[in-house]
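**Q** Can you read through this structure? Questions will come right after.
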Amino acid sequence: MTANQASPARAGLPAAQAATARPHDPADHPAICCRPTDLPLVAVRKKTALYAPLLLGAALAAVLALAGSAMASPITGHDATSTGSISKILSAGDIVTGVRGTTNGDVILTGSHATGEGANTLPFLYQGPLTSAAEDSGFHALTPPFAGFMTGTFYGPDTSTYNPDTIPGGQVRAVGSYRTGDGVFNHGMIYLGPVSGGGTWTTIDVPADGSNTAGGVRACPSDQPGCVVMDTIAHSTMGNLAVGNYDLNLGHGVSGNAFIYNMTTRQWTLLQLGGSLASGSTLYGIWQNGGPGSPNYTLAGGSSAHLSSLRTQRAFLMNYNERTGHFGTPRFYNYGNAPALFTHFDGITAVPGGFNLATISKPQASSMAFVPTTGGNWPLFGRATWYPVDVAGSSLCTAAPAASCSKVTGNTVYQNQVMGLYVQQQKSGSGSGSVPGTYLATVPTR
């Protein structure tokens, strides 16, 4: 879910109230707790299929499977405040995965719209006010024109406010994935056009054989002739780039790795954190530092390629220059700046003094992290301040007819407002059921 940027304090957009910047600190303490169970990809697909019709990539799909409970646990050792308001936006079955601001104060939302035909969904775009987002105004479910299209979703948008040189005025770019039943589980896709539809659609698939990849790096090992790329899932886009994840078919190496796709050169860069294509690395967010035309970006996601001997999933931030292909040193984060089973950044937005990041972790299903930065367009990343988003304790999950929420995620962030999935477990005289939806949480910062 997620692909996930929001408006910074530029181009006349309202600035977020940011947490106080803190000095750059050494890396977080190594995790000493435990290691996630390695779930087979097929089992992950079955476990997440009901509320995530399209895989998020094997690495984070396993994370979500492990994160079944939405309940938060107490945390210590960091500065945190309680969540402010938490409310529902859009209709039941509509899941917001990404956001980007526009110059007039509105937002563009991306996500999946339930069609009522099994688990199938349509990608949607919404343009309008965030706090009153509704299907009757500015909401458009689009049907991609791909032959055999079955189901699809958008994960992240970009607008001409941020990239007027590549996105015409009045149009948006959105990235995501879709299925056709052709044997490939998910194809990546890019849409460019009006929010209401009628634009151009492009399929993107990570090449298995190293063609059009930086350095000729192969997704599939050369000694694995039956290997194919089963998933290409584009999560986020900004500037010339789209980032996401790809998976290999079962039995052909460790599945789940991140990619960067240059939409101008059509070249792929396959992430090799820790010197490996199999370090459980994901990319869910990207931010272009320096505005339109700048080659410098900050990437956000999660990885097991940290120095700890325990291969837990940690969130990370890392700089990247699209012209030189140079990567900065990744900075890894654990929720609460303390040992955690896993932590993953799902969304990134620039705010005064640094970045706000939507986060999934265990023990906290949804939270926002503020990471202060110094150093301009190639920033140094400081110590995170964490803000838990207690959706499970809100009226969305505790008021009748909801008995509880079985799942909560943190998908994306706009200024200091976090959005994600919540699944109500409803009990009533007519029976029980599960109702997925999207929450909007305003996080008080200081």
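Numbering (our numbering), first residue to last: 94 to 539.
No residue lacks a Cβ here, since even glycine has one placed at the ideal position from N, Cα and C.
(1) Once the 5 residues before and after Gly161 are set aside, which same chain residues still bring their CB inside 6 Å of it?
(2) Do Glu415 and Asn333 have their C-beta atoms closer together than 9 Å?
(3) Looking only at its own chain, which residues have a Cβ that is under 6 Å from the Cβ of Gly262, when we skip the five neighbours before and after it?
(4) Determine contact between the stretch 238–254 and the stretch 312–321, defined as no fewer than three beta-carbon pairs at a distance below 8 Å.
(5) Taking the beta strand (DSSP E) that Thr505 belongs to, which residues open and close that run?
(6) Do the stretch 441–449 and the stretch 415–427 make contact, defined as three or more Cβ pairs closer than 8 Å?
(7) Mapping the DSSP letters down to three states, classify Ala408 as helix, strand or coil.
(8) Reducing DSSP to helix, strand and coil, say where Asn430 ends up.
(9) Cα separation between Arg359 and Ile260?
(10) Is it the case that the Cβ atoms of Phe435 and Thr405 are separated by a distance below 9 Å?
(11) Which runs of the beta strand (DSSP E) spanning at least 3 residues fall entirely within the stretch 274–313, listed in chain order?
(12) Taking only runs that begin and end inside the stretch 350–420, name each unbroken beta strand (DSSP E) of 3 or more residues, in chain order.
(13) Measure the C-alpha to C-alpha separation of Ala207 and Pro216 and round it to an integer number of angstroms.
(14) Does DSSP put Ser488 in a helix, a strand or coil?
(15) Helix or strand or just coil, what does DSSP make of Ile260?
(16) Quick one: Cα of Ala240 to Cα of Thr325, how far?
(17) To the nearest angstrom, report how far apart Ser369 and Phe425 are at their CA atoms.
(18) Roughly how many whole angstroms lie between the Cα atoms of Pro537 and Asn509?
(19) Can you list, in chain order, the residues of its chain with a C-beta nearer than 7 Å to that of Thr535? Leave out the 5 residues immediately preceding and following it.
(20) Which whole-angstrom value describes the C-beta separation of Tyr428 and Trp479, a residue pair presumed to lie in contact below a C-beta threshold of 8 Å?
(21) DSSP three-state label for Val516, please.
(22) Grouping DSSP H, G and I as helix and E and B as strand, with all else coil, what is Arg424?
(23) Excluding the 5 residues preceding and the 5 following Leu366 in the sequence, name in chain order all residues of the same chain whose CB lies nearer than 7 Å to its CB.
**A** In this structure, then:
(1) Low local confidence applies: a pLDDT of 42 at Gly161 is under 50, so the model's placement there is unreliable, with the coordinate-based value given in what follows. None.
(2) yes
(3) Ser253
(4) no
(5) Thr505 to Tyr507
(6) no
(7) strand
(8) Three-state DSSP puts Asn430 in a helix.
(9) 17 Å
(10) yes
(11) 280–286 and 293–297
(12) 350–355, 360–363, 375–382, 389–396 and 407–414
(13) One C-alpha to the other measures close to 9 Å.
(14) Of the three classes helix, strand and coil, the one that applies to Ser488 here is helix, per DSSP.
(15) coil
(16) 17 Å
(17) 17 Å
(18) 8 Å
(19) Gly177, Ser178, Asn509 and Gln510
(20) 6 Å
(21) strand
(22) strand
(23) Ser372, Ser374, Ser396, Ala398 and Pro423
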